[in-house]
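Counting in my numbering, the sequence shown runs from -5 upward without gaps. Beta carbons: idealized from backbone N, C-alpha and C, even for Gly. Computed from a prediction, not measured in an experiment: that's the story for all the values here.
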Amino acid sequence: MSKPKIEGSFVALITPFNEDGSVDFGAFETLLQFQAENGTSAVLIMGSTGEVSMLSAEERKAIIHRTAKFRQGDMKIFFGCTGNNTDTTIDYVRYAQDNGADGAIIAAPAYICAPESDIESYFLEVADATDLPLGIYNNPPRVKSDLHWTSLLRIFKHPNYVVHKESTTRVGQVAQVLAGNPDVSVMCCDSPNLGLVVPTMSLGGHGTANMTGNLAPAKLAEISRPWKNGDDAARFRAAYQHLLPLLHYTYSAINPVAVKSLMKAIGLPAGNLRRPLRDLQGDALQNGIRIVNELGLSKKYGFKG
């Protein structure tokens, strides 16, 4: 039986903090409502955009427990559940399932640089340990380990996998995954420097797993809509080219420095970055504010100038 596929914009949400550095759960609820009201299909809480590697285990579980209760309509809530080893990842995934998550996204554990065969076994072992819908984030720039499309297609035969997010520069990899017709939603990172959005959507991709949707959710929902005909391609081209200045800006500093600094500057509830990361200042920040204003986002969403 075919699994229901997530299509459209899958936004990797920031983690908002209070002035004292604690997690701001009121802001989380506001941000989730903002996403739901602007066409976002699903959100990922505690991905790399959510500064997950700098959250304690207690904070991670508190975020899962509380934000899963902030469900907004049909928008799915997934959680980043990658641990530093297989058992820790399984523990987070099971905790997410027990607390009402719609799914979990997992990547290879960072820093250990495990060989591909070990990472393939890791993804399958995690999937065997839960009934929660899962997604794979193939993200070698962050975690070093990289999965070839042949490994991915083997993993996607497991019934618990429903999403694949690709974050390499290999268009051929995306093409081979889609040609294999796995029963998962194939999505890509929205980085214009990686250059995957246009080929992924043109080859039959199901959407984007993006971070720029923190700032422009409606436009990302438009860019992330699957192509059904030539009109969709023309609509996509106009929306993508229009938003290119913001896409380049959000990747102008290590994720999520630019996006979170800009959110705070325009009045979205974001708080500070967690140290050692620091907010953008001066011309770097002003450039982002200029882009938001020129694209009409301040007027559309009521951002402060």
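Under the three-state reduction of DSSP output, G74 falls in the strand class. In the three-state reduction of the DSSP assignment, H158 falls in the strand class. In this structure, T244 lies near T206, with their beta-carbon atoms less than 8 Å apart.
For R88 and H158, the gap between their C-alpha atoms comes out near 20 Å. A residue is called buried when at least 16 other Cβ atoms come within 10 angstroms of its Cβ; R231 does not meet this threshold and is exposed. In the DSSP assignment, M181 falls within the beta strand (DSSP E) that extends over 179 to 182. A contact between stretches requires three or more CB pairs, one per stretch, nearer than 8 Å, and the stretch 15 to 32 meets this requirement with the stretch 59 to 72. In this structure N154 is buried. Its beta-carbon is surrounded by 16 or more other beta-carbon atoms within 10 angstroms. Residue T76 holds the alpha-carbon nearest to the alpha-carbon of A102 among T124, K(-1), T76. Burial is judged here by how many other beta carbons sit within 10 angstroms of a residue's own beta carbon; K293 has fewer than 16 and is exposed. Contact between E114 and I149 holds: CB atoms are separated by about 6 Å, below the 8 Å threshold.
Boundaries of the beta strand (DSSP E) around L128: 128 to 132.
Across the set N132, V5, L172, L291, the C-alpha of V5 shows the shortest separation from the C-alpha of F72.
F11 has its alpha-carbon roughly 22 Å from the corresponding atom of G296. Distances from the CA of T82 to each of Q280, K55, G189 were compared; the closest alpha carbon is that of K55. Linking A121 to Y131 through their CA atoms gives a straight-line distance of about 14 Å. Looking from the CA of G129, the closest CA among N223, A36, E13, N32 belongs to A36. Taking 8 Å as the cut-off, the beta carbon of S161 is found no closer than this to the beta carbon of I0. Shown here, A98 sits in a strand according to DSSP, grouped into three states.
If only uninterrupted alpha helix (DSSP H) runs of at least 4 residues are considered, those enclosed by the stretch -3 to 60 are 19 to 31.
With contacts defined as CB atoms closer than 8 Å, T43 and S3 fail to qualify as a contacting pair. Segment contact: the stretch 12 to 22 against the stretch 167 to 185, fewer than three CB-CB distances shorter than 8 Å; contact not assigned. In this structure, the CA atom of P270 is about 47 Å from the CA atom of N223.
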